[in-house]
Amino acid sequence: MQKMLCDGVQRLPPVRLKFRQDSAAVERAVCAARDPRSPRSRKRSRMAKDPGYRSNSLVRGLRILECFDHRHPEMTLSEIAAAIGVTSSAAYRFVITLEQEGYLARHDNSYRLAPRVMDMGYRYVRSLDVYDIARQPADQLRNDTGFTVHVSVLDGVEVVYVYRAISDRTMVSNVPVGSRLPAFSTTMGRVLLSGLSAEDLERRFAGYVFAPLIAAAPASLSQLKALLVKDRARGYVAQRSHLATGTFSIAAPILSRHGDVIAAINLSGHELQLKPDPDLIARVCQTARDISQML
1 MQKMLCDGVQ RLPPVRLKFR QDSAAVERAV CAARDPRSPR SRKRSRMAKD
51 PGYRSNSLVR GLRILECFDH RHPEMTLSEI AAAIGVTSSA AYRFVITLEQ
101 EGYLARHDNS YRLAPRVMDM GYRYVRSLDV YDIARQPADQ LRNDTGFTVH
151 VSVLDGVEVV YVYRAISDRT MVSNVPVGSR LPAFSTTMGR VLLSGLSAED
201 LERRFAGYVF APLIAAAPAS LSQLKALLVK DRARGYVAQR SHLATGTFSI
251 AAPILSRHGD VIAAINLSGH ELQLKPDPDL IARVCQTARD ISQML
C-alpha cells in the first residue's frame, strides 16, 4: 500500500506481552501457530483451501444477512430467496433459523435485521485497537472545535463508522456507529481508498455500479482514481458531502506503524458553520497523527 502525507509519525515501541506461566513456552507455541511454515499452519491453510470443508448452509445464512442494507431494510421471503438464488422453501428454513437465533425479526410479511446483528457489530468495533485508541483524541478534537468527529475503517468498498464524538451544536452531522456508506462518496472513504494500490482498487471495484447522488461525485472508477491521486498528494480531503445536503467535512488518514492507511478520522458539521479553514485542517491531521503514534 502507499503512504500518505501528514507524515512525521513517530512510532511507539511495541508492548511486550506478559504471561503468568511459562512465558517462553507460550511464546514458542504462539509463534509456531502463526508461522506459515509450521506444520499446524500448513495444515490449516490446506483445510481453508479445501472446498470439502466449506459449509454451503452457513454461507447462505450469511448471504441472507448481507442482503439487508439502507436500500433494503426489509425484505419478503420471496425477495430473500431471489437474492441468494434458492427456492422460497429453502430460504424459509434459513430465515426461520436466523429468526429463532435472534438475527432476524419478522415484521408483517417481511423480515428485517434484529438487534443481535448490531450487537455483533459493536463487538467487532470494540475488538479493534483503533476504537480504543481513537476515542480520547476524537473526543478532544470534538471539544476543541465544537464539531462532530467520526472514526471509520474500510470494508470492501464501504466505510464502516466505528466511533462518534457528537457535537452539541444545533446543526449537527450525526452518522451512527455501525453505519455503512459508499466509500467513494465520503471524505473518510476517499482518504481510505487513496491508501490502496491501483491493483487493489481494480479488484474492489470490479463490476461496481457507481450511483452518485450529486454531479460532483465520481461516476466511474477512472474519475475516482483521478480524485484519489490528488487526495494522496494533499494528505487529507475537505469538501461538501456527496450524500447529505448542507454538510461539510474534513478527513485525514490514520496510519499503522508500517505506514499503511488503516482508518480515517473526520470533522463534520453544517457547511454554514464548518469551513475548509487551515487551522481546522491542521487540527484534524494532527489528531490523525496522534492516533497513528499510539497504534
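Numbering of the sequence shown is given in UniProt numbering, commencing with residue 1 and proceeding in unit increments. Where a beta carbon is used, it is the ideal one built from N, C-alpha and C, also for glycine.
Within 10 angstroms of the beta-carbon of I96 lie fewer than 16 other beta-carbons, which makes it exposed. For N266, the enclosing beta strand (DSSP E) has its first and last residue at 261-270.
When secondary structure is reduced to three states using DSSP, D69 falls in the coil class, being assigned neither helix nor strand. A straight-line Cα-Cα distance of about 29 Å links Y103 and A211. Between the alpha carbons of I80 and H242 lies a gap of roughly 30 Å. By the Cβ test, the segment 144-160 is in contact with the segment 176-193, since at least three Cβ pairs between them sit closer than 8 Å. Here the alpha carbons of D260 and F248 stand approximately 26 Å from one another.
In the three-state DSSP reduction, D155 falls in the strand class (E or B).
Taking the C-beta atoms as reference points, V149 is found nearer than 8 Å to L267.
In the DSSP assignment, P278 falls outside any beta strand (DSSP E) and lies within the alpha helix (DSSP H) extending over 278-294. T76 and H107 have their alpha carbons spaced roughly 9 Å apart.
Sequence-distant partners of P218 (beyond 5 residues in either direction) whose C-beta falls short of 7 Å from its own C-beta, in its chain, are F184, F210, P212, L224, L227. Between S78 and S89, the C-beta gap is not smaller than 8 Å, which leaves the two residues out of contact. Look at the segment 72-129 and you find these whole runs of beta strand (DSSP E), each 3 residues long or longer: 104-107, 110-113.
Per the coordinates, the alpha-carbon of R289 lies some 46 Å from the alpha-carbon of F94. Straight-line measurement puts the Cα of R204 at about 18 Å from the Cα of C67. With a beta-carbon spacing of about 5 Å, P137 and I291 fall inside the 8 Å limit used to define contacts. The beta carbon of A83 sits closer than 6 Å to the beta carbons of C67 from its chain, once the five residues preceding and following it are set aside; these are given in chain order. The criterion of a C-beta distance shorter than 8 Å is not satisfied by S152 and A238.
The beta-bridge partner set that DSSP reports for R142 is empty.
Taking 8 Å as the cut-off, the beta carbon of R283 is found closer than this to the beta carbon of D144. When DSSP states are grouped into helix, strand and coil, T247 belongs to the strand group. Its Cα nearest to that of L141, the residue T287 stands out among T287, L295, I254.
Here DSSP, grouped into helix, strand and coil, assigns R232 to helix.
In the displayed model, L181 falls within a strand according to three-state DSSP. Taking the C-beta atoms as reference points, G246 is found no nearer than 8 Å to F147.
The closest CA to that of K275, considering only S256, P253, R240, A244, is found on R240. In the DSSP annotation of this structure, the continuous segment of the beta strand (DSSP E) that includes A238 starts and ends at 237-240. For T187, the closest alpha carbon among the candidates D200, G85, A244 is that of A244.
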